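Presented below is the structure to which this report refers.
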């Protein structure tokens, strides 16, 4: 119905509602001029006018089949932008198709995942040629066991413009499988139960969940988390008994503090169920014997401001990773019978130069996942004699993470390794012998890729304070001339303590092989250099994130990697905020910018607590209802700081069903930019009317948007093939 409605509304260059028929502004080189309906906002003593608030629709308006006048206005405007983008990119259509075919040609279409063993079965997925979605299989760990197809995603996705599998979880007796599906791209999942012995889908159906599923050990009870329908905050945990109506499910926990979200999981030992509740600066856990799902939950330690902790189980102890007197976290242990903080005993002390990220517990070994000097490290400790060592790697920068370590009684630690020049590689590492076995390295088809043809570097830019060194990871093809004519794409994020670790991309080869340098700025607000790095780029220090990115760009220019005429920037979501902020601060530093699902209307969004996820992010950005935070946020909010200056060429991408950054933020942003900017550079927006924050589902469809982004860059560089 959505697609049909849009077709009826799409009349190129004639917009009855969402766009006024006004004389074309020469400076903007387009006749898309969004109408203005002034909305006066009074924030503290500050009175502001928002001319484009009318673009905001409620969920019920978006979902309505009988659209009202406002909805029609908004749809007309979004379609006008899409039509204008298509017109502006005329002449690149064939190139975009070629790029898409190029991306696909490198993918091994008949592909199979590395098998994962758990509870007597081996699980794996297969992709068939031309299919967007995988087939999920299992096989009993016996000789000559038959392969069982447990989920046929290509069949399940038929007829859906969007399809995402959230989770799948098998009961302890291996008879039942619960799985979750999102068909709208709003991360709103429905849970179904399948009898793996018969293939029958049971009548149990649970809606409006986060998608995560946790079984108790009785094979008939599962737990799940529900979201608030308005704010989408994960706030309730329910218990469901197989064969009963989900309307009778029992609420076992409700998080009433709207700055916290809750979740549930089972410990790797499979002995305990854990309910966690957390926000940016605090967390709290409860536990229950997984054999007694109707029992009473016990508190580990009550929440405190600025106390973060997480819980793992081994033998008769809980192992607790915490920031208690340890900004970069330390590891503690305590008896399962005495869990409050005053009983915690130190296992691994705090280190100012090492971030303790997480742990993996095995019967004979403790694996500690760390970060030092911006790089991930893996440390292996023997439980018996406390001997230890690190697993080492040679690339200057890389990504490394634990993967599918579900079995407890094994000497094999599985990890995934990738770098800017190394495709995703899955290893089994024998912790006793230190032997590593490559199980699978993702193939790059076409016969043209050779890692030796590319150079990866890690360099450091000085920040404007003269003291802070900002890591930059780069990759480029051997033989390119690094000078003022070399195009360079600089990627950044820098929020939530999320680190931008380097990884290999076969799609990115299409940039590198056409002469681009690709770089990642590991700016403050991420956690690359530890917890201090994160805290130096949030709240009232948020501008450090933007300054670091700008300083990285200037460093690359000063050191002759590129020039402003050939420097490009890319970031999505909070990285889209980064793009908007640096465009206002240094509008002529970049020739072009790509902003994906950008969080740019900071004040209006953070003021409105009905908008999904707002309250849970006060500790990241600040609460604008406090004057100090309001003033600071307003000083960098991209939407509030648009000026009459020469902005770089800009491509914005968004999704109509986005629940994380609502579509109206980029829509309002581009309308205001078009109205106020001084020049006529490309100003384009693509709004996918079928997807949300993560973009298109399936392994091929999302490549079309990347082809558009690359075509945008190549157009600016006059690269035509």
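Residue numbers (the working numbering): 640 to 1360. Built from N, CA and C at the ideal position, the CB exists for glycine as well. These numbers were taken from a predicted model, which means no experiment stands behind them.
- Taken in chain order, no unbroken stretch of alpha helix (DSSP H) lies wholly in the segment 1091-1137 with a span of 4 residues or more.
- Only residues of its own chain outside the window of five on either side were considered, and among them 755, 777 have a CB closer than 6 Å to the CB of residue 762, listed in chain order.
- Pairing residue 1237 with residue 1261 gives a Cβ-Cβ distance that is not under 8 Å.
- Around the beta carbon of residue 918, 16 or more other beta carbons lie within 10 angstroms, which makes this residue buried.
- Here residue 894 is buried, its C-beta having at least 16 other C-beta atoms within 10 Å.
- The beta carbon of residue 1340 lies closer than 7 Å to those of 771 in the same chain, with the five residues before and after it left out.
- Here residue 852 is bridged, per DSSP, to 863.
- The continuous stretches of beta strand (DSSP E) do not include residue 722, which lies in the alpha helix (DSSP H) extending over residues 708-727.
- Closest option to residue 1234, judged by alpha-carbon separation, among 1178, 1135, 1171, 1347: 1347.
- Taking 3 residues as the shortest admissible run, the segment 1213-1257 contains the following complete beta strand (DSSP E) segments, listed from N- to C-terminal end: 1231-1235.
- Residue 1282 sits in coil when the DSSP states are folded into three classes, being neither helix nor strand.
- With respect to residue 1042, residue 1058 sits apart: the two C-beta atoms are not nearer than 8 Å.
- Unbroken alpha helix (DSSP H) stretches of 4 residues or longer found wholly inside the segment 982-1029: none.
- A distance below 8 Å separates the beta carbons of residue 749 and residue 766.
- Restricting attention to beta strand (DSSP E) runs no shorter than 3 residues, the segment 1140-1192 encloses them at 1156-1160, ordered along the chain.
- Residue 1313 sits in a helix when the DSSP states are folded into three classes.
- Just so you know, the alpha carbons of residue 1165 and residue 969 end up roughly 19 Å apart.
- As for any beta strand (DSSP E) of minimum length 3 sitting wholly inside the segment 882-937, the runs are 889-893, 900-905, 911-917, 922-928, ordered along the chain.
- Within the same chain, 1015, 1038 come within 7 Å of residue 1140 by CB-CB distance, once the 5 residues on both sides are set aside.
- Separation of residue 1171 and residue 904 (C-alpha to C-alpha, rounded to the nearest whole angstrom) is 29 Å.
- Within its own chain, the residues whose Cβ lies closer than 7 Å to the Cβ of residue 1116, once the five positions on either side in sequence are excluded, are 1092, 1093, 1151, 1152, listed in chain order.
- A direct Cα-Cα distance of roughly 40 Å separates residue 1027 from residue 860.
- Beyond the five residues adjoining it in sequence on each side, residue 724 comes within less than 7 Å, by CB distance, of 1323, 1324, 1325 in the same chain, given in chain order.
- The three-state secondary structure of residue 683, taken from DSSP, is coil.
- For a cut-off of 8 Å, the C-beta gap from residue 1206 to residue 1243 is around 31 Å, too long to register as a contact.
- Nearest to residue 1288 by alpha-carbon distance, out of 679, 727, 1248, 1259, is 727.
- Judged by beta-carbon spacing, residue 1126 lies within the 8 Å limit of residue 1154, meaning their Cβ atoms are closer than that value.
- With contact defined as three or more Cβ pairs closer than 8 Å, the segment 1263-1271 and the segment 1291-1304 are not in contact.
- As summarised for the segment 718-788, the continuous beta strand (DSSP E) elements at least 3 residues long and confined to that stretch are 755-757, 760-766, 774-779, given in chain order.
- Under DSSP, residue 875 forms a beta bridge with 865, 893.
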